[in-house]
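So the structure is just underneath, and the comments pick up after that.
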Amino acid sequence: MVGALRAEGLCRVWIGADMENVASQTGIARAGFKPVADLVVARALAMRLVWVSGRSGVPEQIVAEARRAFLGDRDQAWLSALASATRNQT
Numbered sequence: 161m162v163g164a165l166r167a168e169g170l171c172r173v174w175i176g177a178d179m180e181n182v183a184s185q186t187g188i189a190r191a192g193f194k195p196v197a198d199l200v201v202a203r204a205l206a207m208r209l210v211w212v213s214g215r216s217g218v219p220e221q222i223v224a225e226a227r228r229a230f231l232g233d234r235d236q237a238w239l240s241a242l243a244s245a246t247r248n249q250t
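Here's what the structure looks like:
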């Protein structure tokens with residue numbers, strides 16, 4: 161699959177599966193995809209926090225592209241709020 165997309169001129173394709181879904185992860189790897197980042201979702205009080213965490217050894221430029229693809233600039237919104245809340249507590 162990845163080879164066919166590359167032949168069509170695409171340089172990057174994103175695909176994902178839940179961490180618990182080992183069968184999908186196996187199929188994704190067999191299709192030629194490599195893991196670059198994890199999309200993390202956590203709850204804090206009434207907020208849902210979402211961020212992208214790069215895998216070990218993956219260049220930050222690739223992780224930043226994954227961040228933009230999955231979140232746009234939305235990850236920066238909660239990071240700013242968290243920093244502001246931390247400053248107000250001190």
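Each residue of the sequence shown is one higher than the one before, counting from 161 in my numbering. The beta carbon of each residue, even a glycine, is placed where N, CA and C say it ideally should be.
| Item | Value |
| --- | --- |
| Cβ distance (whole Å) where Arg-166 is taken to contact Glu-225 below 8 Å | Going by Cβ atoms, the distance from Arg-166 to Glu-225 rounds to 16 Å, so no, they are not a contact pair. |
| Option nearest Val-210 by Cα separation, candidates Gly-217, Gln-221, Pro-219, Arg-228 | Arg-228 |
| Beta-carbon proximity list for Gln-185, same chain, < 7 Å, skipping 5 on both sides | Ala-177 |
| Val-212, buried or exposed, once every other Cβ within 10 Å from all chains shown has been counted against 16 | buried |
| Unbroken beta strand (DSSP E) run spanning Gly-214, endpoints | 207-214 |
| Nearest residue (CA-CA) to Val-200, options Gly-163, Val-162, Met-161, Leu-231 | Leu-231 |
| Distance, Ile-175 Cα to Arg-215 Cα | 15 Å |
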